[in-house]
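With numbering that gives the first Met the number 0 applied, the sequence shown corresponds to residues 0 to 226, in that order.
Read the structure below first, then the notes.
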Amino acid sequence: MNKHILVADDDLHIREVISFALEKAGMQVTLAEDGRQAIDYFALHSIDLLVLDINMPELDGLEVCREIRKTSDTPILFLSSRDDEIDRILGLEIGGDDYVTKPFSPRELVARINVILKRVVAKPAAVMNQLQHGKLAIHLEQHAATWNGLVISLTATEFAMLQLFVRSPQRVFSRDSIMTGAYNNIYISDRTIDSHIRHIRQKFADAGCDALIETVHGVGYKLALCQ
Numbered sequence: 000m001n002k003h004i005l006v007a008d009d010d011l012h013i014r015e016v017i018s019f020a021l022e023k024a025g026m027q028v029t030l031a032e033d034g035r036q037a038i039d040y041f042a043l044h045s046i047d048l049l050v051l052d053i054n055m056p057e058l059d060g061l062e063v064c065r066e067i068r069k070t071s072d073t074p075i076l077f078l079s080s081r082d083d084e085i086d087r088i089l090g091l092e093i094g095g096d097d098y099v100t101k102p103f104s105p106r107e108l109v110a111r112i113n114v115i116l117k118r119v120v121a122k123p124a125a126v127m128n129q130l131q132h133g134k135l136a137i138h139l140e141q142h143a144a145t146w147n148g149l150v151i152s153l154t155a156t157e158f159a160m161l162q163l164f165v166r167s168p169q170r171v172f173s174r175d176s177i178m179t180g181a182y183n184n185i186y187i188s189d190r191t192i193d194s195h196i197r198h199i200r201q202k203f204a205d206a207g208c209d210a211l212i213e214t215v216h217g218v219g220y221k222l223a224l225c226q
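See below:
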């Protein structure tokens, strides 16, 4: 079944360029010209992923993301014309999965979307459908994580990263190895990876686990056994 992508951008030309690239890749596309329209369309359609421009009238992309995250973990990719790193990191911290800076290559955008979608639908070939690390459980078929029985709401990217750690709990992952394992070699900045790690830590800290992922200074990150 074709994946249904909701694209929200107030620039008609950009909407048309993205729509053409996604449809050429075999995806169904719904277009919105502002944030309010994006939320309305999201409520009406079954959407597999949202592409949100950060700067939009009515509601900007970050506000749309906050609203969507109240009820859904549907993957979100941000578009930004700013060089302001704060906007990008903030977008990821409120529940975004990735971002692309304008001007961008339509081919790169499609590649990043495909990577995110694969994280959501991929089913591991292993016979086990659950990975366990102390009180942490990764439920592969349900694409969910729990801590001491409490469900932790994760984005597709956060789930992919956490699964990477749990599969090799003794390994110290460099940012490059996280990029390879969770992003399929699509380049993302170190600050984006750090932002995702910080967000995962905060979600588990809120559930009572204060040290799920350790920083190994000068190397990267590793999973801790939080009791």
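In this text, a Cβ means the ideal position worked out from N, Cα and C, and glycines have one as well.
- Message: Measuring CB atoms only, is the region 92-112 touching the region 62-74, in the sense that at least three cross pairs come out at less than 8 Å?
- Response: yes
- Message: Am I right that isoleucine 301 and methionine 160 are in contact with their C-beta atoms under 8 Å? What's the rounded C-beta distance?
- Response: Absent from the model: residue 301. The displayed extent of the chain is 0 to 226, so no value can be given.
- isoleucine 17 vs aspartate 9 beta-carbon contact at 9 Å: no
- In terms of residues, what are the limits of the alpha helix (DSSP H) holding lysine 23? 11-23
- Quick one: is phenylalanine 19 buried, meaning 16 or more other Cβ sit within 10 Å of its Cβ, or exposed? exposed
- What does DSSP give as the partner residues of isoleucine 4 in its beta bridges? Val28, Leu48
- What whole-angstrom Cβ distance do histidine 142 and asparagine 128 have, given they're in contact under 8 Å? Not confirmed; about 11 Å, so no contact.
- Task: Please state if the CB of alanine 210 and the CB of isoleucine 151 are separated by a distance shorter than 9 Å.
- Result: no
- Item | Closest Cα partner of alanine 155 within the set Val165, Gly148, Ala144, Leu149 | Ala144
- Quick one: give me the first and last residue of the beta strand (DSSP E) that histidine 132 is part of. 129-132
- Message: Which residue marks the beginning of the beta strand (DSSP E) containing alanine 144, and which one marks its end?
- Response: 143-146
- Segment limits, beta strand (DSSP E) that includes glycine 94: Glycine 94 -> no beta strand (DSSP E), and no H or E assigned at all.
- If you check the beta carbons only, do isoleucine 4 and leucine 58 fall under 9 Å apart? no
- Query: If you draw a straight line from the C-alpha of glycine 133 to the C-alpha of alanine 42, how long is it?
  - Reply: 38 Å
- Message: Which residue marks the beginning of the alpha helix (DSSP H) containing glycine 219, and which one marks its end?
- Response: Counting along the chain, glycine 219 falls outside any alpha helix (DSSP H), though it belongs to the beta strand (DSSP E) covering 219-222.
- Item | Cβ-Cβ separation, arginine 166 to leucine 130 (assumed contact under 8 Å), whole Å | 7 Å
- Message: Buried or exposed for glutamate 107, going by 16 or more other Cβ atoms inside 10 Å?
- Response: exposed
- In this structure, does DSSP put isoleucine 53 in helix, strand or coil? coil
- Message: So for leucine 76, helix, strand or coil by DSSP?
- Response: strand
- Item | alanine 124 in three-state terms, based on DSSP | For alanine 124, the predicted model reports a pLDDT of 41, less than 50, meaning its position is unreliable; a value from the coordinates is still stated below. DSSP places alanine 124 in coil when its eight states are reduced to three.
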